[in-house]
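Student: Just passing along the structure, written as structure tokens.
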Amino acid sequence: MSITLKKLRNVSSETCVTIILNTHRTGPDNNKDPLTLKNLIKEAENRLSADFDKKYVQNFTEKFQQLEESIDHKMNLESLILFVSKDIAEYTRLPIKVEDRVVIDNTFHTRDLMRSLHMDKNYYILVLNQQKVRLIEASSDKLVREIGDPFPIENIHFHPTNQKEASFAGRERNLITEYFNRIDKDVNKIRNQHPLPVLISSTEPNYHLYLEVADKKHSIIDKFIPQTDADASASHFVEEAWKVMKDYIIEKNNARKEELLEAVNSGKFYSDVNDIWRAIHRGQVKTLFIEQGLFQPAIIEEDTVSFVSADERTDKEVIDDIYDEMIEYNLDFGGDVVFLPKGELDKFNGFGAILRY
């Protein structure tokens, strides 16, 4: 089951429950995942029961049970997230490690979903040729899934219809261009739901022809994988793709770190949480930088953020994670977020912001 970040971020309810847990791809380890999920669901029910009456909690209990029964743990990736409110009961699998926890707030906790989308090691492989096109999702050197419907897409309409038409190279090129244009529109429908960069596997002529018609050229990596067998396994394409993606990721990460350093040197950088909170609401923050694994419960009173202890996290007026809250607001103001490995923002206590002005 898949759910989009856009859909989740548009949900605002009295109670939104997010259950987050690490899972396992293979047995026997994935046999432990149902028990971990059951324990976190029980924690969520206990927290809800402390604040709401039995009838209100029952609605959530039923949704938890339906989701629990629908999840095939043999299909698990690195983590699993459940999103439950009065009107929503959905889950998604992610190819990243998380911290097991339950978050209850008036919006869903989406930071792990955002982190998965923003991590450069997650990408699509477009297996492109003039007869059939496949789309594969990968995370570093691991296969996440080969995407179905509408893929694979076979070229059954864009061929010359007779020998005379086939003799005109320009006509044949136009037909292939139309076919690639259709492919591009279907790729972008997938990317609108799950926006990751695209690495193309093809011949060099097909790669350049596709770039001519692509609507979102900025999302396509400026390298391609030479293709020898379009029907090879999805794992084979991931193995070949990772050889290219490793260098791409290093280059991109270095560029973002350089951007951070320039902001610090020019005075366009905040690291104080209250300064950042107020700057976000002025529309002043361009990019938030946050270390993976950083969480902090807090309360907001008179536009001031005050941290509270983890023991107070379950209190009703407490925001489970102030950093997630700030990321959400900054996205609403057109900003973005960069997730860095733990330890890379030590001098800023794990969190900072680049300012627009």
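With my numbering, letter number 40 in the sequence shown gets 40, and the count goes up by one each step, no holes.
Don't be surprised by glycine CBs; every beta carbon is placed ideally from N, CA and C.
If you check the beta carbons only, do F83 and L37 fall under 8 Å apart?
Tutor: Against a cut-off of 8 Å, the Cβ pair of L37 and F83 comes out as no contact.
Student: Following the continuous alpha helix (DSSP H) through T36, name the residue where it begins and the one where it ends.
Tutor: Unbroken alpha helix (DSSP H) run through T36: D33 to D51.
Student: What residue ranges within the segment 205-283 form continuous alpha helix (DSSP H) runs of no fewer than 4 residues, ordered along the chain?
Tutor: Here the runs fully enclosed are 234-266 and 273-281.
Student: Looking at C-beta atoms only, is the number of pairs between the segment 112-132 and the segment 194-202 that lie closer than 8 Å three or more?
Tutor: Yes: the two stretches touch, three or more of their Cβ pairs being nearer than 8 Å.
Student: Check whether the Cβ atoms of D346 and R111 sit closer than 8 Å, and answer yes or no.
Tutor: Not closer than 8 Å, so no.
Student: Is F295 closer than 8 Å to A353 when the C-beta atoms are compared?
Tutor: No; because the gap between Cβ atoms is not below 8 Å, this pair is not in contact.
Student: Roughly how many angstroms lie between the CA atoms of G350 and L80, to the nearest whole one?
Tutor: Taking the straight line joining both Cα atoms gives about 25 Å.
Student: For P28, is the classification buried or exposed, using 16 other Cβ atoms within 10 angstroms of its Cβ as the cut-off for buried?
Tutor: P28 should be labelled exposed.
Student: Where does F151 fall in DSSP's three states?
Tutor: Note: F151 maps to coil in three-state DSSP.
Student: Comparing C-alpha positions only, which one of R173, I322 and K286 sits nearest to D303?
Tutor: Out of R173, I322 and K286, I322 has the C-alpha closest to the C-alpha of D303.
Student: Helix, strand or coil for R361 per DSSP?
Tutor: The question about residue 361 has no answer here: the residues shown for the chain are numbered 1 through 357.
Student: Exposed or buried, which one is Y179 when buried takes at least 16 other CB atoms within 10 Å?
Tutor: Burial call: buried.
Student: Give a yes or no on whether the C-beta atoms belonging to P297 and V305 are separated by under 8 Å.
Tutor: Not in contact: P297 and V305 (Cβ atoms no closer than 8 Å).
Student: Roughly how many angstroms separate the alpha carbons of V187 and H194, rounded to a whole number?
Tutor: Going from the Cα of V187 to the Cα of H194 covers about 10 Å.
Student: At a cut of 8 Å, does the segment 39-57 reach the segment 129-141 through at least three beta carbon pairs?
Tutor: No: the two stretches stay apart, fewer than three of their Cβ pairs being nearer than 8 Å.
Student: Hey, quick one: how far does the alpha helix (DSSP H) through S70 stretch, first residue to last?
Tutor: Per DSSP, S70 belongs to the alpha helix (DSSP H) from K54 to S70.
Student: From what residue to what residue does the alpha helix (DSSP H) around I322 run?
Tutor: From DSSP, the alpha helix (DSSP H) with I322 extends over I322 to D332.
Student: Whose C-alpha, out of F108, L5, P95 and I250, is nearest the C-alpha of D320?
Tutor: Of the candidates F108, L5, P95 and I250, the one whose C-alpha sits nearest the C-alpha of D320 is F108.
Student: Once the 5 residues before and after G293 are set aside, which same chain residues still bring their CB inside 8 Å of it?
Tutor: The residues are E99 and K342.
Student: Could you spell out the range, first to last residue, of the beta strand (DSSP E) harbouring A298?
Tutor: Start and end: A298 to E301.
Student: Any idea if L175 is buried or exposed, counting beta-carbon neighbours within 10 angstroms, 16 or more meaning buried?
Tutor: So L175 ends up on the buried side.
Student: So, helix, strand or coil for E146, using DSSP?
Tutor: Strand.
Student: Please classify D87 as buried or exposed, where buried requires at least 16 other C-beta atoms within 10 Å of its C-beta.
Tutor: Exposed, by the Cβ-count rule.
Student: Around the Cβ of G148, are there at least 16 other Cβ atoms within 10 angstroms (buried) or fewer (exposed)?
Tutor: Counting Cβ neighbours within 10 Å, G148 comes out exposed, since fewer than 16 surround it.
Student: So I71 and Y91 are in contact, right, with Cβ under 8 Å, and what is the actual spacing, rounded?
Tutor: With 8 Å as the limit, I71 and Y91 qualify as a contact, their Cβ atoms being about 6 Å apart.
Student: So what does DSSP say about T367, is it helix, strand or coil?
Tutor: This structure cannot settle anything about residue 367, because the visible part of the chain is limited to 1 through 357.
Student: Helix, strand or coil, according to DSSP, for V305 in the structure here?
Tutor: Of the three classes helix, strand and coil, the one that applies to V305 here is strand, per DSSP.
Student: CA-CA distance, P150 and I225?
Tutor: So the alpha carbons of these two residues sit roughly 23 Å apart.
Student: On the DSSP bridge assignment, give the partners of A89 in chain order.
Tutor: Note: A89 sits in a beta bridge opposite V84.
Student: Once the 5 residues before and after V11 are set aside, which same chain residues still bring their CB inside 7 Å of it?
Tutor: Hits under 7 Å: S85, I88, T107 and F108.
Student: Could you tell me which residues DSSP pairs with E291 in its beta bridges?
Tutor: According to DSSP, which records beta bridges pairwise, E291 is partnered with L340.
Student: From W277, R356, K54 and N206, pick the residue whose C-alpha is nearest to that of E262; which is it?
Tutor: Out of W277, R356, K54 and N206, R356 has the C-alpha closest to the C-alpha of E262.
Student: Tell me the DSSP bridge mates of F351?
Tutor: In the DSSP output, where bridge partners are listed per residue, F351 has I290.
Student: For T26 versus E45, is the C-beta spacing smaller than 8 Å?
Tutor: Contact flag unset, no.
Student: Which word fits P205, buried or exposed, when buried means at least 16 other C-beta atoms lie within 10 angstroms of its C-beta?
Tutor: Looking at its Cβ environment, which holds fewer than 16 other Cβ atoms inside 10 Å, P205 is exposed.
Student: Hey, quick one: how far does the beta strand (DSSP E) through E137 stretch, first residue to last?
Tutor: Note, E137: beta strand (DSSP E), K132 to S139.
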